[in-house]
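All residue numbers for the sequence shown refer to my numbering, where the first residue is 102 and numbers rise by one. Beta carbons: idealized from backbone N, C-alpha and C, even for Gly. From a predicted model like this one, the values you see are computed outputs, not experimental measurements. As structure tokens, the structure follows; a few thoughts come after it.
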Amino acid sequence: MGSGSPTGSGRRAWRGWALAFALVTSGCATQQPDMADVLAEVMANQRASMAAVGTHPGPAASAGLRPRETSGLIGAPPEVLVGWLGEPRLRRREDGAEIWLYQAPACHLDVVLYPEAGRLRVAYAAARATGTQRQTEAGCLRELGQPSEIARAGG
Numbered sequence: 102m103g104s105g106s107p108t109g110s111g112r113r114a115w116r117g118w119a120l121a122f123a124l125v126t127s128g129c130a131t132q133q134p135d136m137a138d139v140l141a142e143v144m145a146n147q148r149a150s151m152a153a154v155g156t157h158p159g160p161a162a163s164a165g166l167r168p169r170e171t172s173g174l175i176g177a178p179p180e181v182l183v184g185w186l187g188e189p190r191l192r193r194r195e196d197g198a199e200i201w202l203y204q205a206p207a208c209h210l211d212v213v214l215y216p217e218a219g220r221l222r223v224a225y226a227a228a229r230a231t232g233t234q235r236q237t238e239a240g241c242l243r244e245l246g247q248p249s250e251i252a253r254a255g256g
């Protein structure tokens, strides 16, 4: 029976080390962003943009204050959009519509303009982070509106 005692204490020691390892690695795992939370945030932004389009776009945007959310871009004509954000990095025509892409270091903004009463107007806008860091719509629009970003986007 004397030989069973070291084996029992060895098992207890091994279990202790295994428990310590599990606690240390679980601590690392909690530092990673929860993908479900990230996806929920992205879906909420998409739903808000789609709800803003609705069946009746808002009043025509004026060249006043730049909106803080992409839903505030809905209904804006191209010249107002350029006044707020500068020239887009990319423009693409597709079946009468135009797709514009704005880029900043931490986000991209996709804008779709459709003809309405003979003029192009923003019908859809969505901001998205470009890396692993979270970025709000307001943060993206603020970043895009900086003078250095406007100059860089045009060239």
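DSSP three-state assignment for residue i, whether helix, strand or coil
i           : result
residue 168 : coil
residue 243 : helix
residue 274 : The shown model of the chain, from 102 to 256, leaves out residue 274, and the question about it has no answer.
residue 180 : helix
Backbone CA spacing between residue i and residue j [nearest angstrom]
i           : j           : result
residue 172 : residue 197 : 22 Å
residue 208 : residue 175 : 19 Å
residue 179 : residue 221 : 7 Å
residue 310 : residue 232 : The displayed coordinates of the chain run from 102 to 256. Any statement about residue 310 would go beyond what the structure contains.
residue 219 : residue 246 : 28 Å
residue 205 : residue 223 : 20 Å
residue 230 : residue 210 : 9 Å
residue 234 : residue 228 : 13 Å
residue 168 : residue 135 : 29 Å
Cβ-Cβ distance between residue i and residue j below 8 Å
i           : j           : result
residue 212 : residue 182 : yes
residue 201 : residue 192 : yes
residue 216 : residue 203 : no
Same chain, Cβ closer than 8 Å to residue i, neighbours up to 5 away in sequence not counted
i           : result
residue 170 : 149, 238, 239 and 242
residue 199 : 179, 192, 193, 213, 214 and 221
Short CB-CB distance (under 8 Å) between residue i and chain B
i           : result
residue 212 : Looking for chain B here will not work: only one protein chain is present.
Residues that residue i bridges to, as DSSP identifies them
i           : result
residue 259 : The structure shown does not extend to residue 259, since the chain spans only 102 to 256, so no value can be given for it.
residue 194 : 199
residue 236 : Residue 236 is not bridged to any residue.
residue 230 : 208
Neighbourhood of residue i by C-beta distance below 6 Å, restricted to the same chain and skipping five residues each side
i           : result
residue 236 : 207, 208 and 230
Contacting residues, own chain, Cβ-Cβ under 7 Å from residue i (five flanking each side not counted)
i           : result
residue 166 : none
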